[in-house]
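Below: the structure, in structure tokens.
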Amino acid sequence: MRKIHCPAILIKPNFSAQLSIMYPKYRIAALFLLFISLFFVKVVNAQSELAPWGNIMGIRQQGQLFDFQTSLNVVAKGGSNTSSTAKEAQRPHYVRDGNKQIVTTNIDSLYFKETVTDEAEGKITVNVKVNAKKDTAVDGVYFCISLPDKDYGSGELNLERLASGSLMTNGFSISSHHRVFNIAFDKPAAVIMKNDTGKAGNKLFFVALTLQGIHKEDSLQNTFTIKVSGDIDKSPVNIAVNTAVRGRPFDGLGGNFRLQNPKYDPQVIDYCLDNLRVAWGRVEMPWRFWQPQENMSPADSSNQAKPVINAMLMAQRLGKKGIPLILSAWFPPTWAITGKFNFRPVNGVWGNPLNPDKMQEIYKSITDYILYLKNHYGVEVSLFSFNESDLGINVRVTAKEHDELIKGLGAYFVSHGLKTKMLLGDNSDATTYKFIYPALNDSAALPYIGAISFHSWRGWDTETLQKWADAAKQINVSLIVGEGSIDAQAWGYPQIFQEPTYALQEINLYTRLLNICQPLTILQWQLTSDYSPLIGGGIFGNNEPLHPGQRFWNLKQLASTPGHLFAMPIISSASDVSCAALGDNNKGIYTLHLVNNGTTRKVTLTGLPANLKRMHLYVTNQTANMQETPISKPADGTITFEMNATSYYTLTVSK
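Sequence positions in the sequence shown follow the working numbering and run 12 to 666.
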């Protein structure tokens, strides 16, 4: 995993470009101590969607998202650049206190506290405070609002200036035929309006907190009341399955079991293995502890460090359950790399290259570990990878070097009687797909590739995800999501794990991955105390009794999918209802996963065989934990039921 060092995002002053900087996640043990002061409270009917870095993503009414986006912007002196709050661009802290969500963050020497309060349906207040830690020359500090062109492009703007020729106003509203957005300021403020010249073409409003420089110890603040209203789309949803087309198999949900916290990991691992069907596991090879010195014998048990023994025991525990294993290496020993060992990025570059003069020794060290696991712990490793080597977490290689590693290490495995194959990729996210292309198109590498893997932290658009599905199809191997989740930095603001918004976004992504990528498995990061799907037990300073949250119930519901079903085409008439279908025509078993990102509505499902008799419908949301809900018997192969707002449904049917 990766710990993030985050300078501000830079955007040209015309705001035509939306830039994102990809920063690595790197996790070290005992980070929970950083958060011991956090207090944990129950989530109460959240309706504002606030990203933990401070950007409001919209307001829900009856479950439907009225989307817009806010950010905090600092315009540099001369207007050459603007720094904005964004995902992985700062190091924010997030907490919830009843109906308030509070984000504290900073852009350089300006420290922000943003408090978002749910006031009533469709109404929130946003209090923004800014404190300067030193004199700062700026052209302005703004609360920025971006309204989507699809909803407000033809809208009518109502903005009353306080004086002729003045930029000052107490607020504004914009109305279209189906949406109304209204914002009122507690204090009069200047407003600058722009049209985003980028692809989205959104309307941008910059509400000034100041239009001049700020001196050390200066404080600024304003409170904004935002109201949204409009049509709620309650139209029925039609979902169609095509069982005549059989895609790739899905073994089920998997999990990462990289051990980092000996105090808190065991309770989470025990709970997850006792309460989830885990289809695949991924464990660490603690390489730097396995053979810290080149001339030592790592197989000598008297030399083995505790992290090595614990990692092998973890692999053995999963192996005894019949769970196939991926073995991944993070930190290499110093003798195996070039340059000074980098725990942190140097000039924005992560990790170290392998020493090209030590490749045979490297192959032997890794192979010895896998053989030791096999001979002393009875564990067969299915697949091996260097974790996120496209980025350097913590071995860094080029795409061509990755190709050569697959051929060299893969052949070494074969020569020593191992069935272990190499993972192609195991990339840091989906966006770096070009990294796999040299090996993908190298016929000499293909015999050693057991599967293709990427991590789901970024790159969720359909076009990008489809490239991974196409790659797996090209060489006829399985696709694996080696690390599944949605926010690599979430360990830094762990209360977000309890937010229904986070849980819904995570399972929505998994459902889309099932439909688009057809993976063999999605391995949750992690089924340990790191990014834990459980709440309490002392994790992140929360001393409630250990218990499952909404994220865990989502995972359990997904994990309930019977093993070895095949992906099948499925389409939804509603853009805010994601769906995936899995089935086996010979067995007469089908499982459908549906995520309703909108309001309550009726669903009509067609395409399943008419002779199916057994049906079970489960729902997980803010108030239901994989709760079975009644469903009427199908009529002529058509199934109808009502789907609650912002909920995850799983339908299982069989003969």
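Even for Gly, the Cβ is constructed at its ideal location relative to N, Cα and C.
| Query | Result |
| --- | --- |
| Close-in-space but distant-in-sequence residues of the same chain around residue 54 (CB under 8 Å, 5 per side omitted) | The predicted model places residue 54 with a pLDDT of 40, which falls under 50 and marks its position as unreliable; any figure quoted below should be read in that light. Taken in chain order, the residues that qualify are 107, 509, 510, 511 and 633. |
| For residue 196, the first and last residue of its enclosing alpha helix (DSSP H) | Careful: residue 196 lies outside any alpha helix (DSSP H), inside the beta strand (DSSP E) at 190–206. |
| Among 605, 338, 614 and 657, the one whose alpha carbon lies nearest that of residue 249 | 614 |
| 7 Å CB neighbourhood of residue 74 in its chain, flanking five on each side removed | 609, 610, 611, 656 and 657 |
| Reduced DSSP secondary structure (H/G/I, E/B, other) of residue 407 | coil |
| Three-way DSSP call (helix, strand, coil) for residue 559 in this model | strand |
| The stretch 496–510 touching the stretch 542–559, judged by at least three CB pairs closer than 8 Å | yes |
| Endpoints, the beta strand (DSSP E) within which residue 112 is located | 111–118 |
| Reference residue 76, options 168, 179, 365 and 190, closest by Cα | 190 |
| Span separating the alpha-carbon of residue 565 from that of residue 636 | 8 Å |
| Which of helix, strand or coil DSSP assigns to residue 551 | helix |
| Euclidean distance between Cα positions of residue 428 and residue 81 | 57 Å |
| Exposure label - residue 329; buried when at least 16 CB within 10 Å | buried |
| Other residues of its chain near residue 267: CB distance less than 7 Å, five sequence neighbours each side excluded | 293, 494, 534, 535, 536, 537 and 538 |
| Candidates 587, 265 and 500, of which the one nearest residue 334 by Cα | 265 |
| Sequence-distant residues of the same chain with beta carbon closer than 6 Å to residue 104, five excluded per side | 115 and 504 |
| Other residues of its chain near residue 62: CB distance less than 8 Å, five sequence neighbours each side excluded | 68 and 98 |
| Contacts around residue 411, its chain only, beta-carbon distance under 6 Å, and the 5 residues preceding and following it disregarded | 449 |
| Beta-carbon proximity list for residue 225, same chain, < 6 Å, skipping 5 on both sides | 143 and 147 |
| Cβ-Cβ distance between residue 361 and residue 404 below 7 Å | yes |
| For residue 460, the nearest candidate out of 163, 452 and 562 (CA to CA) | 452 |
| Boundaries (first-last residue) of the beta strand (DSSP E) holding residue 157 | 149–158 |
| Straight-line gap, residue 315 to residue 547 (C-alpha atoms, nearest Å) | 33 Å |
| Neighbour-count burial assignment, residue 167, 16 or more Cβ in a 10 Å radius | exposed |
| Residue 290 vs residue 661 beta-carbon contact at 7 Å | no |
| Within the stretch 466–524, ranges of the beta strand (DSSP E) (whole runs, at least 3 residues) | 489–495 |
| Which of helix, strand or coil DSSP assigns to residue 427 | coil |
| Residue 459, enclosing alpha helix (DSSP H) - first and last residue | Per DSSP, residue 459 belongs to no alpha helix (DSSP H) and is neither H nor E. |
| 7 Å Cβ shell around residue 469 - same chain, five flanking residues per side excluded | 33, 440, 441 and 442 |
| Residue environment, residue 109, which counts as buried when at least 16 other CB atoms sit within 10 Å | exposed |
| Residue 241 versus residue 184 - alpha carbon distance | 13 Å |
| Per DSSP, cross-strand counterpart(s) of residue 614 | 248 and 652 |
| Where residue 49 falls: helix, strand or coil (DSSP) | The pLDDT assigned to residue 49 is 38, lower than 50, so where the model puts this residue is not dependable; a value taken from the coordinates is nonetheless given after this. In this structure, residue 49 counts as coil in the three-state DSSP scheme. |
| Residue range of the alpha helix (DSSP H) that includes residue 444 | Here residue 444 belongs to no alpha helix (DSSP H), and DSSP marks it neither H nor E. |
| Euclidean distance between Cα positions of residue 181 and residue 500 | 36 Å |
| Proximity winner among 482, 515 and 486, relative to residue 498 (alpha-carbon distances) | 515 |
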